[in-house]
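K.L.:
Below is one structure. I have some questions about it.
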Amino acid sequence: MKHRLTIAAITAALLATTGLARAEGELNLFNWGNYTAPEMIKKFEETYKVKVTVTDYDSNDTALGKIRQGGHGYDIVVPSASYVPIWISEGLLLESNPNQMENFKNVDPRWVDVPFDPGRKYTVPWQWGTTGVSVDTSVYKGDINTSAIFLDPPPELAGKINVVPEMADVMHLAIRYVGGEPCTGDLEVLKKVRDKLVEAKTKWISMNYGNIEAMAKGDYAATVNWNGSSMRMRKEKAAIHYGYPKEGYPIWMDNAAILKDAKNVENAKLFLNFIMDPENAALISGFAKYGNGIMGSEKFMDPEMTSAPEIVAPPEFADKGAFMLTCAPEVQALYTKIWTEIQK
Amino acid sequence: MARSNFAIKRQPGFATIAIFCFALLYLPIATLVVFAFNAGRSVAIWEGFSLRWFQQAWNNDLVLEASIRSVQIASTAAIIATVAATMAAIATTRTKPYRGLTAKYAFINQPLMIPEIVTAVALLIVFSRIKVATGYSGLGYLIAAHTAFCIPFAYLPIRARLESMDLTLETAAADLYATPWKAFTRITLPLLWPGIIAGLMLAFVISLDDVVITEFVKSGGQDTLPTYMLGQLRRVVTPEMNAISTVFLLISILIVTLFFFISRRRT
Amino acid sequence: MTTAAEIAARAEREDIRKRWLLSTPALVIIFLAGIGPLLVVVLYSFLTPGPYGDVKWEFSTDAWIGVFLQRDMFDDTLGIADAHLSIFLRSVRLSFATTILTLIFGFPTAYFIATRPERTQALWLFVITIPFWTNLLIRTFAVQEVIRNEGILNNALIWLGITSTPIQILYTDWAIGIGMVYVYLPLMVLPLYASMEKLDFRLVEAGYDLYATRFQVLRRIIIPLVKPGIIAGSILVFIPSLGAYVTPRVLGGGRQMMLGNLIELQFGAGRNWPLGAALALTLTVIVTVALLFYVRYAAQSEQRHG
Chain A
-2 MKHRLTIAAI TAALLATTGL ARAEGELNLF NWGNYTAPEM IKKFEETYKV
48 KVTVTDYDSN DTALGKIRQG GHGYDIVVPS ASYVPIWISE GLLLESNPNQ
98 MENFKNVDPR WVDVPFDPGR KYTVPWQWGT TGVSVDTSVY KGDINTSAIF
148 LDPPPELAGK INVVPEMADV MHLAIRYVGG EPCTGDLEVL KKVRDKLVEA
198 KTKWISMNYG NIEAMAKGDY AATVNWNGSS MRMRKEKAAI HYGYPKEGYP
248 IWMDNAAILK DAKNVENAKL FLNFIMDPEN AALISGFAKY GNGIMGSEKF
298 MDPEMTSAPE IVAPPEFADK GAFMLTCAPE VQALYTKIWT EIQK
Chain B
295 MARSNFAIKR QPGFATIAIF CFALLYLPIA TLVVFAFNAG RSVAIWEGFS
345 LRWFQQAWNN DLVLEASIRS VQIASTAAII ATVAATMAAI ATTRTKPYRG
395 LTAKYAFINQ PLMIPEIVTA VALLIVFSRI KVATGYSGLG YLIAAHTAFC
445 IPFAYLPIRA RLESMDLTLE TAAADLYATP WKAFTRITLP LLWPGIIAGL
495 MLAFVISLDD VVITEFVKSG GQDTLPTYML GQLRRVVTPE MNAISTVFLL
545 ISILIVTLFF FISRRRT
Chain C
11 MTTAAEIAAR AEREDIRKRW LLSTPALVII FLAGIGPLLV VVLYSFLTPG
61 PYGDVKWEFS TDAWIGVFLQ RDMFDDTLGI ADAHLSIFLR SVRLSFATTI
111 LTLIFGFPTA YFIATRPERT QALWLFVITI PFWTNLLIRT FAVQEVIRNE
161 GILNNALIWL GITSTPIQIL YTDWAIGIGM VYVYLPLMVL PLYASMEKLD
211 FRLVEAGYDL YATRFQVLRR IIIPLVKPGI IAGSILVFIP SLGAYVTPRV
261 LGGGRQMMLG NLIELQFGAG RNWPLGAALA LTLTVIVTVA LLFYVRYAAQ
311 SEQRHG
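Chains as they are written, first to last, in my numbering: chain A, -2 to 341; chain B, 295 to 561; chain C, 11 to 316.
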């Protein structure tokens, strides 16, 4: 009897301590690698007395595959726009209605009625950017606002062009270059795309990531690139400019959302609200170097960034961008075939 | 033993090639260390001396935890794998062919044959079910996965060593009525040691470098250095990684030197 | 009455039982975290791809057909999947070259270590493995740094007067070769060392007594003696290099796919898990069969040489 009492007392004490630990709270964030500003996390932890654990993933497909299998223990994930509809249709995201949250008023109206989550019932903007071309203007003086830079390269650039090995971005650029619609399944268009890519590829030197140094050191004279990365190149070498392909270029946006089987839903909601605060959104941008879609965050950002031509598209090209979308599975299969074909 | 003037161990050019190899191995490592001290953000464009990346790495909890976790997993997995591989190697060498021997050999080497991404996806599917069923999501999964793919890397050098060893000493021990255990610890094990060390080192290195399987098996808060690094590949690579690698190098060199001096004093 | 033959048979049975017992831990671990899950892959290869990755639970052999045959997306003719074939052959060529090169550089290095005084051997082993305690990507970037046009290597060549303009090494097959040897060298050196250490130099001496040249001694005595190490090293280099893609991408430029990329594509943006599974299993079967033949052949030729 006495023993039983002791055990009960110990159990109670244990429960109390773990209960306390719970009250302090946890939050498990599953995000792209090197994308979460440590200061922002620290600030959140201090404000809400919540312990945040950040875990990285390296691609949308990895993240989707892992969450779909279950048993993951994450609360928040940051999928790209083109994957959000998949996450929603597979029932992986919680309808947390961020549009009702206090800080939602700060979201730029441009990013509220987005095709992948109309009215923002599930997701909150994290970072967004564009895919275009970076060109060393000391090598090539012509027009850089075109996909011809890598699809019909001028002789000055031939043999010094890099293309990022991202199927979705490259296919989007190529399809719009030949006059097609994103995610098209039109075989006429796709045949042109394939022929164009096969022909252009002979003038590329590589299909590679991590090209800031390579551009700055002159291994490449041009590369398909993301805008934030291009801005960093310009800092290393002033002659490197970012071109917005006038034939059309993809806009991508990564969005934070709460998972349906999240264990710390309340903390996760606090977090979504937290990152819609301009000051906090600015912290994310300061780290990841992309735009955040939160109005008023410019005030807290490095002025160099808010005026950068890589972040603020010139008006004549601003409407040439289109969201990367979720392509139909049978269309995706065609793209995979073309992608394999050009690299065989 | 009298030394003859004729160096029987010498093979022309071998020492030159070896020295050349050592130099080549360390040339990139040297550049890596140099850029750890870069003041700029780049791992290739020198902008002056600075310790900022060491400071940044030191303040980056994510990186520190990932480094410690990497070493933790690699050492645990390498040790378990080496012990299992040593036993398996003894069981599969120096014997008349018996039923199942070839199958066993193929089985043990199987982790080598399967492309990493496939093992990774398969483990994700299986381990997720176990995670859901048991509620346990600790480091055990990563250690189990790493141990499995480390086994062939430990097994092959140990096996190679065993095959090149001759049996006479062990037979002699048996003739002198030494128990099998005694014969093993006093004779086989010391002879086998270079193979075991080689296997252990390989297993450690292989585990330390693994990205794909770790990426798929890890649970929340279980990033290792390589998976952390993977995220940088697509965005931007900063000298922070160089700084961490430099610290790693320093520590390992320190340990090795210490180890060397201690073992020398003893002899 | 038990005959001598029966006693011997019993001893042999006992020996085999012990051998199975000894290998149990390794077999169990590999079964749980290696082969077992592979059965899932086999199952998946016979299912239908899910619309956005993963699988639908409907039986299909499309994936297996897709490994070898493909329907042209434009004129709808059925032909051999030449893309898969050429990617496969490229990977095999690369692995083969890597194995030969690491052997050429690794053999003398291992020999050098194995002939050092016993005290310092462990030290040399550390010297060769320490570079590999740094992350693969970081290491590959460091190699890139050395061989790029403005890198140390080209500067050295220009300084030595060997060339006046930088030689383009980066993004060529040379770069892949250099990188692969760099990455896989310890996988060759360590098993070689393991079988060379305590090499019986009395045999070498006997060779010289019979007026053999150094090369003859190497070829006729040393190499046959360390053959197990050569086999182990070749396996450890050849097979992992089949799946290599970081080095070909970063140093070679990655304009052409390797097997690793092809399979990963199916599990990633390609969203065709069954095809990925079937491709991987095809590779696994080919490699396993090749390995068994190789080992058997090597064992036979060993017997022939005595």
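Just so you know, even glycine gets a beta-carbon here, dropped at the ideal spot from N, CA and C. Given the structure is predicted, the values throughout are model-derived calculations rather than measurements.
1. Whole angstroms are fine: how far does the CA of L322/A sit from the CA of M250/A?
2. For the stretch 211 to 223 of chain C against the stretch 453 to 467 of chain B, do three or more pairs of beta-carbon atoms, one drawn from each stretch, fall closer than 8 Å, so that the two count as touching?
3. Given that a residue counts as buried once 16 or more other Cβ atoms are within 10 Å of its Cβ, and exposed if not, what is W30/C?
4. So, for G286/C: in the same chain, excluding its five sequence neighbours on each side, which residues have a beta-carbon less than 6 Å away from its beta-carbon?
5. Quick one: which chain A residues come within Cβ less than 8 Å of S251/C?
6. Would you tell me roughly how many angstroms separate the C-alpha atoms of V262/A and E23/A, rounded to the nearest one?
7. For M206/C, decide whether its Cβ has a neighbour in chain A, counting only Cβ atoms nearer than 9 Å.
8. Mind pulling the chain A residues with CB within less than 8 Å of L180/C?
9. Just checking: is the beta-carbon of I419/B within a distance shorter than 9 Å of some beta-carbon in chain A?
10. Using Cβ-Cβ distances below 8 Å, what residues of the stretch 144 to 166 of chain C are close to chain A?
11. For Y471/B, is the classification buried or exposed, using 16 other Cβ atoms within 10 angstroms of its Cβ as the cut-off for buried?
12. E509/B touches chain A at which residues, Cβ-Cβ below 8 Å?
13. DSSP three-state call for R19/A: helix, strand or coil?
14. Per DSSP, which residues does F478/B bridge with? Please list them.
15. Given R388/B, which residues of its chain have a CB within under 6 Å of its CB, disregarding the five upstream and five downstream residues?
16. In whole angstroms, give me the CA-to-CA distance for A20/A and L267/A.
17. What number of angstroms, rounded off, separates the C-alpha of S574/B from the C-alpha of S205/C?
18. Of all the options L261/C, I241/C and T223/C, which has the alpha carbon lying nearest to the alpha carbon of K303/B?
19. So, are the CB atoms of D58/A and G30/A less than 9 Å apart?
20. Would you decide whether W169/C is buried or exposed? Buried here means 16 or more other CB atoms lie within 10 Å of its CB.
21. Could you check the C-alpha separation between A9/A and E92/A for me, to the nearest Å?
22. Compare the Cα-Cα distances from F348/B to each of E534/B, F554/B and I549/B and report the closest residue.
23. Taking just the CA atoms, how far does N164/C sit from R158/C?
24. Quick check on P326/A: does DSSP put it in helix, strand or coil?
25. Would a C-beta distance cut-off of 9 Å place Y119/A and I255/A closer than the cut-off?
26. Would you report the Cα separation of Y137/A and Q350/B, rounded to the nearest angstrom?
27. Quick one: list the residues of chain B neighbouring I231/C, beta-carbon separation under 8 Å, in chain order.
28. Hey, is the stretch 98 to 107 of chain C in contact with the stretch 246 to 253 of chain C, meaning 3+ C-beta pairs nearer than 8 Å?
29. Do the CB positions of A279/A and E301/A come within less than 9 Å of each other?
30. Which chain B residues sit within Cβ distance under 9 Å of H69/A?
31. Given a cut-off of 9 Å on the beta-carbon distance, is the pair I158/A and M228/A in contact?
32. Please say whether V160/A and V167/A have beta carbons closer to each other than 9 Å?
33. Got a sec? Which residues, its chain only, sit under 8 Å from D503/B by beta carbon, not counting five neighbours each side?
34. Count the other C-beta atoms from every protein chain shown that fall within 10 angstroms of the C-beta of V329/A, then say buried if there are 16 or more, exposed otherwise.
35. Assign I17/C to buried or exposed, taking buried as 16 or more other Cβ atoms, counted over all protein chains shown, within 10 Å of its Cβ.
36. When we look at the beta-carbon of W223/A and count the other beta-carbons within 10 Å, is it buried (16 or more) or exposed?
P.N.:
On the basis of the supplied data:
1. A direct Cα-Cα distance of roughly 11 Å separates M250/A from L322/A.
2. Because the criterion of three Cβ pairs below 8 Å is not met, the stretch 211 to 223 of chain C and the stretch 453 to 467 of chain B do not touch.
3. Classification of W30/C: exposed, given that the 10 Å Cβ count is below 16.
4. Excluding sequence neighbours, G286/C sits near I273, Q276 and F277.
5. The contacting residues do not exist; S251/C stays about 19 Å from chain A at best.
6. Counting only the Cα atoms, E23/A lies some 10 Å from V262/A.
7. Output row for M206/C: interface = no.
8. Among the residues of chain A, those whose CB is under 8 Å from the CB of L180/C are D216, following chain order.
9. Using a Cβ-Cβ cut-off of 9 Å, I419/B counts as an interface residue toward chain A, since at least one Cβ of chain A sits closer than that to its own.
10. The residues in question are F151, R158, N159 and E160.
11. A residue is called buried once 16 or more other Cβ atoms fall within 10 Å of its Cβ, and Y471/B, having fewer, is exposed.
12. Near E509/B (Cβ distances below 8 Å), the residues of chain A are Y54, D55 and T59.
13. Residue placement at R19/A cannot be trusted, given a pLDDT of 42 that sits under 50; what the coordinates show is reported in the next sentence. R19/A falls in the helix class under three-state DSSP.
14. According to DSSP, F478/B bridges with nothing at all.
15. Excluding five sequence positions before and after R388/B, none of the CB atoms of its chain fall closer than 6 Å to its own CB.
16. With a pLDDT of 38 at A20/A, under the threshold of 50, the modelled position of this residue cannot be trusted, and the question is left open.
17. Lying outside 295 to 561, the shown extent of chain B, residue 574/B is not represented and no answer is given.
18. For the residues L261/C, I241/C and T223/C, the minimum Cα distance to K303/B belongs to T223/C.
19. D58/A places its beta carbon 9 Å or farther from that of G30/A.
20. Classification of W169/C: exposed, given that the 10 Å Cβ count is below 16.
21. Here A9/A scores only 48 on pLDDT, less than 50, and its place in the model is too uncertain to base an answer on.
22. Put simply, of E534/B, F554/B and I549/B the residue whose alpha carbon is nearest the alpha carbon of F348/B is E534/B.
23. Straight-line Cα distance between these residues: approximately 7 Å.
24. In the three-state scheme derived from DSSP, where H, G and I count as helix and E and B as strand, P326/A is classed as helix.
25. Taking 9 Å as the Cβ cut-off, Y119/A and I255/A qualify as a contacting pair.
26. If you take the alpha carbons of Y137/A and Q350/B, they lie about 38 Å apart.
27. Neighbours of I231/C in chain B, taken as residues at a C-beta separation under 8 Å, are lacking, since the least C-beta distance is about 11 Å.
28. Judged by Cβ distances under 8 Å, the stretch 98 to 107 of chain C makes contact with the stretch 246 to 253 of chain C, as three or more pairs qualify.
29. No, they are not a contact pair.
30. Correct list: S422, K425, S431, S513 and G514.
31. I158/A is not a Cβ neighbour of M228/A, given a cutoff of 9 Å.
32. V167/A is a Cβ neighbour of V160/A, given a cutoff of 9 Å.
33. Cβ within range, chain order: P520.
34. Looking at the sequence shown, residue 329/A is not Val but Gln. Its Cβ being crowded by 16 or more others within 10 Å, Q329/A is buried.
35. I17/C counts as exposed, since fewer than 16 other beta carbons sit within 10 angstroms of its beta carbon.
36. Residue burial annotation: W223/A is buried, with at least 16 other C-beta atoms found within 10 angstroms of its C-beta.
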